[in-house]
Amino acid sequence: MASYGRVDDDDDEKHGLRGSTGALRLDEPAGVAVDGTGNIFVADTGNDRVLALSPAGQVLFQVGGRAPRTFKKPSGVAVDAAGTIYVADTGNGRVQVFSSTGGLRAQFLLPPVR
0 MASYGRVDDD DDEKHGLRGS TGALRLDEPA GVAVDGTGNI FVADTGNDRV LALSPAGQVL
60 FQVGGRAPRT FKKPSGVAVD AAGTIYVADT GNGRVQVFSS TGGLRAQFLL PPVR
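If you count the sequence shown from 1, position 4 lands on 3 in numbering that gives the first Met the number 0, and the numbers rise without skipping.
Below you can see the structure in the form of structure tokens.
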């Protein structure tokens, strides 16, 4: 098993590969999923994105970010057998659905809880 860095719940630190400052720099990672080929998907809550990594730790793509109409505090990620990626976009009250290459397929707005 490969190790890419440490993850803990210390809100004052960013995590990732030692010395990393780019795409591998995580801020409040909250969820992880692995697809059938070993690709790793991380819900990077503090950076408002989902990061896709190869089994070797190379960045494949990322979805979301801090641009308008993307994610706001994604808290979970899941991948089905077909490679479809589901993201719990918590801050926007919706689930977003992406293809295995990161293309947006659908979004489902969730009603407010009363």
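Ideal placement from N, C-alpha and C gives every residue a C-beta, glycine not left out.
None of the values given here were measured: they were computed from a predicted structure.
- Message: Using C-beta distances below 7 Å, list every residue in its chain close to A87, excluding the 5 sequence neighbours before and after it, in chain order.
- Response: P73, S74, G75, V94
- Task: Please go through the same chain and pick out, in chain order, the residues whose beta-carbon is closer than 6 Å to the beta-carbon of A32, but skip the five residues on each side of it.
- Result: F40, V76, A77, V78
- For G45, does the three-state DSSP call read helix, strand or coil? helix
- S99 versus G37, L23, G64, A55, residue with shortest Cα-Cα distance: G37
- Query: Nearest CA to the CA of A29: which residue from Q57, T89, F107, T69?
  - Reply: T89
- Task: Determine the direct distance from the alpha carbon of V96 to that of R104, and round the result to whole angstroms.
- Result: 5 Å
- For F70, does the count of other Cβ atoms within 10 angstroms reach 16, so buried, or fall short, so exposed? buried
- Message: Run through the DSSP bridge pairs and tell me what L50 is partnered with.
- Response: V41, Q61
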